[in-house]
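Residue numbers (full-length UniProt numbering): 9 to 397. Backbone N, C-alpha and C fix where the C-beta goes; we use that ideal spot for every residue, glycine too. Read the structure below first, then the notes.
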Ligand code: PLP
Ligand code: TYF
C-alpha cells in the first residue's frame, strides 16, 4: 500500500528555496535557485513579455485545445534563435514542451525507445535533475569528470576520453552554454573536438540549452549547437525559454530533433507525440503564446533582445566585481552564466547560512546574479572571511 512506499531523495535546490523562505532575517541573500535577479534583487516580468500578455488579453478569442504539438508558430519562430544557420533544415522538427524539463523528459524517453541499452554519458557535476530524469527513462548513466575543481576549469581530457569510449548509440548529454552548476563552458576548439568525437563514435548528442543569451551572447551561445548540427545526422536539443524570457513558472520550452531525413524526423515526431500523450498530452499554452507574440512582432522582439542583453551585461558585471574581491575568486570572471562553484566546504556553506544569512547550494554553487547590488560588498566580504576560516 501507500504506507510501504520507499523514501525519496528530494530535489536539493527546491529544498533550498524552502530553507530561504523560512529564514526571517531581512538581510538574507539568496544565491540558491537559478533565477535571474536585477540590481534591485527582483525577478521582473520582462517588458516585451508583459506587453505580449496585454495584447493576448485583448485579442485572444479562445483557450480551446491546440493539440499535442501545442503552439506550432512558437516552435517555428524559435528556430533562427536556437538553430542559427540550421533554421531552415527540414530534417529538424520542433515540439513545444512544458519547460526545458518537458523537453528533457521527451528526449530521454525517445532515446530509450530508439536504443534501450544506450548509456547516457554525462559529466560531473551536472544539473541535479539530469541523473534522476535519466534513470526515470530507464537509461544507464556513465559519468566522467566535467570539472577540474583544483584548476577551476573543464577537465577536457576526461571529457574527450569518456566520449571516445562511448558505444555507437550512446547518448552524450552536453550543456550548450552556461554550465550548471560550474559555469565552466567549452572553448570553441573544445567544441570542435567534441563534435568530431561524437560524430566519429556515432553517439547521439543531447544538448541541454537552458540559458541562451546568458553566456557569451544570444548568437555565440549556440556555437556548440550549430557545430553538432554540422557534424551529426541525429541530434536532440532541449531548449528552455524560462530563463531568457523570464517566464519560469509558465513552463516554456521546446524540443528540437534532427534526423537523417525529413521523413525520419516527422516519424520521430509521431513518437514524441505518443510519449507526451502518456504524460501531459498537450503542453500549457500561455507562456509559449507570450513568447510567440514577442517573436512575431518586430518591436517586441527588439525590446526583448535589448532587455536580455542588459541582463547579460549585469551577469558580466557581477562576475567581474566578485572576481576582483580576492585572487582566489578571480576564476569567476572567466566563467559563463549565472552559476559558479565557490571554493567552500560544506561546513563553510552552512556557516554562511547561519552566520551571514547567505544561502547557496550545498555544493558551493552560487547564483551570482541572485545578489542585489546593495548586497554585493557584504556578500564578497562574507565569502572571503569564511574562506579565510
Ligand atoms: N536544464 C538545465 C541545465 C537547467 O538549469 C534547467 C533549469 O531550470 C532546465 C534544464 C530546465 O528548465 P525549465 O525550468 O524550463 O524546465
Ligand atoms: O538549477 C537551478 O537552480 C534551476 C532551477 O527541479 C531549477 O535550473 C532547479 C530545480 C528544478 C527545476 C529548476
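| Item | Value |
| --- | --- |
| Contact defined as beta carbons within less than 8 Å: I believe residue 302 pairs with residue 56. What is the distance between those atoms, to the nearest angstrom? | 5 Å |
| Do residue 376 and the ligand TYF come close, with the Cβ less than 7 Å from some heavy atom? | no |
| Any heavy atom of the ligand PLP inside 7 Å of the beta-carbon of residue 183? | yes |
| Would you check if the distance between the CB atom of residue 47 and the CB atom of residue 386 is smaller than 8 Å? | no |
| Where do the N-terminal and C-terminal ends of the alpha helix (DSSP H) with residue 359 fall, by residue? | 354–364 |
| Would the beta-carbon of residue 24 be found less than 7 Å away from any heavy atom of the ligand PLP? | no |
| May I ask you to report which of helix, strand or coil DSSP gives residue 244? | strand |
| For the region 130–186, list the alpha helix (DSSP H) runs that are entirely contained and at least 4 residues long, ordered along the chain. | 138–144, 164–172 |
| Pick out the complete alpha helix (DSSP H) segments inside the region 303–328, 4 residues or longer, and give them in chain order. | none |
| Where does residue 66 fall in DSSP's three states? | helix |
| Around the C-beta of residue 27, are 16 or more other C-beta atoms found within 10 angstroms, so that it is buried, or is it exposed? | exposed |
| Starting from residue 214, trace the beta strand (DSSP E) both ways and give me its first and last residue. | 212–217 |
| Any heavy atom of the ligand TYF closer than 7 Å to the beta-carbon of residue 29? | no |
| Any chance the CB of residue 288 is under 7 Å from a heavy atom of the ligand NAD? | The model on display carries the ligand PLP and the ligand TYF but not the ligand NAD. |
| Go ahead and pull the three-state DSSP assignment for residue 117. | helix |
| Grab the span of the alpha helix (DSSP H) containing residue 30 for me, first residue to last. | 20–30 |
| Which residue's Cα is closest to the Cα of residue 368: 380, 349, 383? | 349 |
| Does the region 131–147 come close enough to the region 109–120 that 3 or more CB-CB pairs lie under 8 Å? | yes |
| Taking 8 Å as the cut-off, decide whether the C-beta atoms of residue 394 and residue 359 are in contact. | yes |
| State the Cα-Cα distance for the pair residue 204 and residue 180, rounded to the nearest angstrom. | 13 Å |
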